[in-house]
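Numbering (this note's numbering), first residue to last: 4 to 331. The beta carbon of each residue, even a glycine, is placed where N, CA and C say it ideally should be. Remember, predicted model here, so these are calculated numbers, not experimental data. Working notes for the structure below.
Below is the structure:
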């Protein structure tokens, strides 16, 4: 597989010539991946945001990367910061919480939004097909509620937690949210205020118009199809993991409505997944969920990672959503 990004800013294209090879035993060889960025846990380092990695489940090789804005250390304030539990993208099959693009994205969000971020390293398909990633996201939530990590203990407001993901990470955030909605008592003192679905990855057996146009060079339809083929537990594009209208998902949205969670769906009409995201927002509204949708014109899948102006505009949307969702 190779993926070519839209040509508007080709000098910062970490996806260029990205390749994978499917092995006979069902594993994947990932070639020319995005480089990783190490964490910066030393407070003496001049970076505006500190980061560190903590193991979650060593048998599954899952962990989290925590991002702490330096301002939390520099100011004698009793006010704790909202927490974002972040899930990276990559079609369920690629990348890591340490991948440089996701590391930088989380670091910039932590500074601009004045939040603490816990970025989840989850198991990838096809070695670990869905729902493994959902399980790992939930395990991270349960770890957060019990951890004695000093950054989270001293600076994070667990009563104002948001689950956020981009692309396939948005799918994982959505399904983790559905699961979390039925076990809120087990997650206390962690309290979820809302979900943030950033260009989330969903599908179905019937093609949408945006899929049929297949005009997003960063995420062609063939790549989309391959990712579902490698990640779903069975070959059914109307599986509930892929199609939010299938299975028990619509009924679980009733629980999210009763809890009063707000949901933000962010996308753009140049994304092949655009109409899937429109359909998701419509489904949630029909179930009475409080949904804020922000859909821009043009763009492409992953645009906010490649164009700084787009990222800054996204931060404004995220900041407004978080401030409007905070529990006093």
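- The alpha-carbon separation between residue 262 and residue 143 amounts to approximately 21 Å.
- Per DSSP, the unbroken alpha helix (DSSP H) holding residue 109 starts and ends at 103 to 116.
- By the beta-carbon neighbour count (other beta carbons within 10 angstroms, threshold 16), residue 213 is buried.
- Beta-bridge analysis with DSSP links residue 68 to 56 and 122.
- Per DSSP, the continuous alpha helix (DSSP H) segment holding residue 227 begins and ends at 224 to 234.
- Within the region 145 to 184, the runs of alpha helix (DSSP H) at least 4 residues long that lie entirely inside it are, in chain order, 153 to 158 and 171 to 184.
- Rounded to the nearest angstrom, the Cβ distance from residue 273 to residue 305 is 11 Å, too far for a contact under 8 Å.
- With a cutoff of 7 Å on beta-carbon distance, residue 90 and residue 183 are scored as not near each other.
- When secondary structure is reduced to three states using DSSP, residue 33 falls in the strand class.
- With respect to residue 103, residue 40 sits close: the two C-beta atoms are nearer than 7 Å.
- DSSP places residue 306 within a helical segment (H, G or I) once states are collapsed to three.
- Note on geometry: alpha-carbon atoms of residue 267 and residue 289 lie some 15 Å from one another.
- Within the DSSP bridge table, the entry for residue 265 names 197 and 293 as partners.
- In this structure, the CA atom of residue 25 is about 38 Å from the CA atom of residue 71.
- Under the three-state reduction of DSSP, residue 87 is assigned to strand.
- DSSP places residue 325 in the uninterrupted alpha helix (DSSP H) bounded by 311 to 328.
- Between the region 107 to 126 and the region 313 to 329, the count of Cβ pairs shorter than 8 Å is three or higher; the stretches touch.
- If you check the CB distance, residue 133 and residue 203 do not come in under 7 Å.
- Rounded to the nearest angstrom, the Cβ distance from residue 195 to residue 264 is 6 Å, consistent with a contact under 8 Å.
- A distance below 7 Å between beta-carbons, with the five flanking residues on each side excluded, links residue 158 to the following residues of its chain, in chain order: 71, 75, 83, 84 and 119.
- Bounds of the beta strand (DSSP E) holding residue 25 are 22 to 25.
- The DSSP-derived three-state label of residue 95 is coil.
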